[in-house]
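Down below is the structure, laid out as structure tokens.
Residue numbers (the UniProt record's numbering): 1 to 73.
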């Protein structure tokens with residue numbers, strides 16, 4: 001249901017949040033489509049990246065460090 005272009009656009013229009021359904025763009029308010037904080041430019045998109053997941057050992061170190069920060073130890 002949510003993948004229907006009209007429905008996805010309604011959700012985006014309501015929450016001011018991008019969605020991955022290209023067909024919905026014709027139903028999204030222009031104000032949202034033109035907002036670079038919601039739909040970044042191609043130039044900005046080229047600079048973005050997906051971080052590589054940590055291996056198990058590194059994740060354990062990060063988790064322990066974060067726990068110390070959060071608990072004030």
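All residues carry an ideal CB built from backbone N, CA and C; glycine is no exception.
Where residue i falls, given that 16 or more other Cβ within 10 Å makes a residue buried
i, result
"residue 24", "buried"
"residue 12", "buried"
Cβ pair residue i, residue j closer than 9 Å
i, j, result
"residue 3", "residue 21", "yes"
"residue 49", "residue 35", "no"
Own chain, CB closer than 7 Å to residue i, minus 5 neighbours either side, in chain order
i, result
"residue 27", "5, 6, 9"
"residue 43", "none"
Member of the options whose CA lies at the smallest distance from the CA of residue i
i, options, result
"residue 74", "48, 68, 62", "Absent from the structure is residue 74, since the part of the chain shown begins at 1 and ends at 73."
"residue 39", "18, 58, 71, 57", "18"
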